[in-house]
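Residues 474 to 1094 (this note's numbering) make up the sequence shown, in order. All residues carry an ideal CB built from backbone N, CA and C; glycine is no exception. Computed from a predicted structure; not experimentally measured.
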Amino acid sequence: MKTQRLTLAQALVKHLAALRIETHDGQIQPYCGGVFTIFGHGNVAGMGEALVAERDRLPTFRAHNEQTMAHAAIAYAKASFRERILAVSTSIGPGATNLVTAAAVAHVNRLPVLLLPGDVFASRRPDPVLQQIESFAQGDVSASDCFRPVTRYFDRLTRPEHILTALPRAIQMMTDPANCGPACLSLPQDVQAMAFDCPESFLQPELLRFRRPPADPRELASAAALLRQARQPLIVVGGGVLYSQAWDALRAFAEAHGVPVVESHGGKSSLPWDHPLNLGAIGVDGISGANELARSADLVFAVGTRLQDFTTGSHALFAHARLLSLNVQPYDAGKWSASALVADARTGLEQLAPLLQGWAADPAWTERARRNAAATNARIQELTTQLPQGVLPYDAEVIGAVRDSAAELGLDSGVQDVALCAAGTLPAELHKLWRASKPGNYHMEYGYSCMGYEVAGGLGVKMARPEQESIVFVGDGSYMMANSELATSLLLGKKMIVVILDNRGYGCIERLQLKTGSPSFNNMLDDCVPEGGERSRIDFAMHARAMGADSVHVKDVAELKAAMVKARAAKRTQVIVIDTTHTRITDGGCWWEVAIPEVSDRAEVQQARAGYEQAQQGQRL
474 MKTQRLTLAQ ALVKHLAALR IETHDGQIQP YCGGVFTIFG HGNVAGMGEA LVAERDRLPT
534 FRAHNEQTMA HAAIAYAKAS FRERILAVST SIGPGATNLV TAAAVAHVNR LPVLLLPGDV
594 FASRRPDPVL QQIESFAQGD VSASDCFRPV TRYFDRLTRP EHILTALPRA IQMMTDPANC
654 GPACLSLPQD VQAMAFDCPE SFLQPELLRF RRPPADPREL ASAAALLRQA RQPLIVVGGG
714 VLYSQAWDAL RAFAEAHGVP VVESHGGKSS LPWDHPLNLG AIGVDGISGA NELARSADLV
774 FAVGTRLQDF TTGSHALFAH ARLLSLNVQP YDAGKWSASA LVADARTGLE QLAPLLQGWA
834 ADPAWTERAR RNAAATNARI QELTTQLPQG VLPYDAEVIG AVRDSAAELG LDSGVQDVAL
894 CAAGTLPAEL HKLWRASKPG NYHMEYGYSC MGYEVAGGLG VKMARPEQES IVFVGDGSYM
954 MANSELATSL LLGKKMIVVI LDNRGYGCIE RLQLKTGSPS FNNMLDDCVP EGGERSRIDF
1014 AMHARAMGAD SVHVKDVAEL KAAMVKARAA KRTQVIVIDT THTRITDGGC WWEVAIPEVS
1074 DRAEVQQARA GYEQAQQGQR L
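This is how it looks when you write it as structure tokens:
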């Protein structure tokens, strides 16, 4: 067996640089698109030396914050339909623990990212080293143990030859459609630098391929029988449809059987927005027409969705319908006593087709869905093209201006743009109102809804899809959480357009606060000034310019649209700021369970509690 004398870090980096994957469309691509890193004393000597030697084959990207560089890597994987990854390397201590929130984002959203935090010395000779966490009761605990509950695979490598089994296991997990998620290889800094005789076969890994698990014949027959009994079926699509690249199979199934489709956040863009059977957003932040059909459906066919509470209205929206769930992950397929069809989404839909020949939904149901879809699109056009007079605009009007600015340059925003967001009011409005004609052109991190994901996520999208506009919609609150990768986008030459909607605080949560019976408190900036404090005077446009971006604060929607036309024509990152109101929103959603105090002196809380208890009666149990 031929070997090379390499350090652990060198073997790891060479393996990553050599990895290739066959994508769903048959192309051969590098599996790892590069490594984000911020060097520190836990990785600069070991990983740093290895990365510089392979920088021509495996690019290294310098970032400004460990959490947000991991967010960028997660967005890259999502925009690549999980077919490609970025790795993330950090020092020990705070550099490592800064990744924990991002690991949770990837875990919840079933997205692959390879986390490579530095760890304390395995030898323990210099203990306690700078930034080391010391446990009084467990000698083998370090800060990296924080990753155990928020990753799909975790390993602490205490010998250099451990990389020979640990890295392939991590890759295997990240390319498994059922178990996909973040992997963490914790790398003690002395072990990174240790040498071993590395087999040359490890440096020439086999081509990676994705599995498409078929359905069990008995489950398939049971699912077909259940569908044949349905007269008013409804398909709820999730992210699994996109990751499986099952959009053509979905369209063929819906059209062949006259079944309307509604979209979760994860599944939005699986069908073009103007498809006559696409009713759009379902759930808590869904559209009226979609939720109306959900309440009337006799069978809900959940395809590639984990049935999050926003999708199901806290399991009250379609509580009385039979539930059939097609999912590659048995854990998700069996939720809420569903009839499970465990399979790859595309394969499962294709397997069902010959078993359902001659079956279709009730024609009256299909026609009702078509009318609802047409009415919804007309209403969206109305909401997004209004020009408010004498009042601040709200999100719908901003979304319309951003969308329609593409037409000024002869572009189709539904194809050209990837709209990205994560938290606040904007996810609800974009879920209802954004028009996506191309799969993946709606990019919402709403599994963890992590404030601060947006700017970094926009960078990751642009790295994965350089031919498209990466348009980041972000509220002032989320922008303030994390914005440093704005500077990184300029450093890397990855242009994005950031639209900041400034409603002067956490407007989404203030509305929820009022709805649950409490007074406005500690959410809006002007309400949070103690005696001796100063009212906030943040100038977001000035801040963005200080970070190196081109930036403008527009006074109204008309100026916003004009600024967007200029931003689309620009070659570098653009930031547009507009003042908005949080008091107006788009109606159409359904109930969401938020626990309200059982005892309170406030009459408003008592009233909200009574409504809460009444709504609970409609939940699926």
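DSSP places SER798 within a strand segment (E or B) once states are collapsed to three. Runs of alpha helix (DSSP H) with 4 or more residues, each lying fully within the region 1016–1047, are found at 1030–1042, listed in chain order. Contact check between the region 1068–1088 and the region 756–775: fewer than three CB pairs, one atom from each, fall below 8 Å, which does not count as touching. Rounded to whole angstroms, the separation of the alpha carbons of ALA595 and VAL602 is 11 Å. In chain order, LEU893, CYS894, GLU927, VAL928, GLY930, GLY931, MET969, ILE970, VAL971 and VAL972 place their CB closer than 8 Å to the CB of VAL945, counting only its own chain and leaving out the 5 sequence neighbours on each side.
Taking the C-beta atoms as reference points, LEU752 is found nearer than 8 Å to ASN845.
With contact defined as three or more Cβ pairs closer than 8 Å, the region 643–657 and the region 677–686 are in contact. Given a length threshold of 3 residues, each whole run of the beta strand (DSSP E) inside the region 704–767 is given here in chain order: 706–710, 734–736 and 751–754. For the pair of segments examined, the region 514–532 was found to touch the region 476–486: the number of CB pairs separated by less than 8 Å reaches three.
Fully enclosed beta strand (DSSP E) runs of no fewer than 3 residues occupy 890–894 and 915–917 of the region 873–921, in order along the chain. The continuous alpha helix (DSSP H) containing TYR804 extends over residues 803–806. The beta carbon of ALA696 is closer than 7 Å to those of LEU797, SER812, LEU814 and LEU825 in its chain, skipping five residues each way along the sequence. With respect to ALA1022, LEU959 sits close: the two C-beta atoms are nearer than 8 Å. Annotation: the region 611–675 contains the following complete segments of the alpha helix (DSSP H) (minimum length 4 residues), in chain order: 636–647 and 662–665. Non-local C-beta neighbours of THR476 in its own chain, meaning closer than 8 Å and more than five positions away in sequence, comprise ASP670, CYS671, PRO672 and GLU673, ordered along the chain.
Under the Cβ criterion (8 Å, minimum of three pairs), the region 623–641 does not count as touching the region 553–564. Approximately 5 Å separates the beta-carbon atoms of GLY821 and ALA688; this is inside 8 Å, confirming the contact. The closest CA to that of ILE755, considering only GLN1080, TRP1064, ALA639 and ARG1082, is found on TRP1064. The distance from the Cβ of VAL581 to that of GLY920 is about 4 Å, consistent with a contact at the 8 Å cut-off.
Judged by their CB atoms, SER608 and GLY591 are not nearer to each other than the 8 Å cut-off.
The Cβ atoms of LEU780 and TRP746 lie no closer than 8 Å to each other. With respect to the C-alpha of ALA484, the residue from ALA722, LEU899 and LEU660 having the closest C-alpha is LEU660. When the Cα atoms are used, LYS1039 and GLY654 turn out to be separated by approximately 38 Å. Secondary structure of GLN781 (DSSP, three-state): coil. The shortest CA-to-CA distance from VAL864 to any of THR989, ARG843, HIS1055 and ALA848 is the one to HIS1055. Looking at the DSSP output, LEU587 bridges to ALA560 and ALA656.
Counting along the chain, no beta strand (DSSP E) covers ILE853; the unbroken alpha helix (DSSP H) around it starts and ends at 836–857. In its chain, beyond the 5 residues on either side, PRO686, PRO687 and ALA688 have a beta carbon closer than 6 Å to the beta carbon of ALA816. With respect to the 8 Å criterion, MET1037 and SER910 are not classified as neighbours on the basis of their beta carbons.
Non-local beta-carbon contacts of TYR979 in its own chain, meaning distances under 6 Å to residues more than five positions away in sequence, involve GLY950 and ASN996 in chain order. Distance from the CA atom of SER943 to the CA atom of ARG1045, rounded to whole angstroms, is 12 Å. Judged by their CB atoms, LEU588 and ALA576 are nearer to each other than the 8 Å cut-off.
The region 703–719 makes contact with the region 827–845; the number of CB pairs closer than 8 Å reaches 3 or more. When DSSP states are grouped into helix, strand and coil, THR1053 belongs to the coil group.
Annotation: the continuous alpha helix (DSSP H) that includes ASP949 extends over 949–954. Counting along the chain, LEU814 sits inside the beta strand (DSSP E) bounded by residues 812–815.
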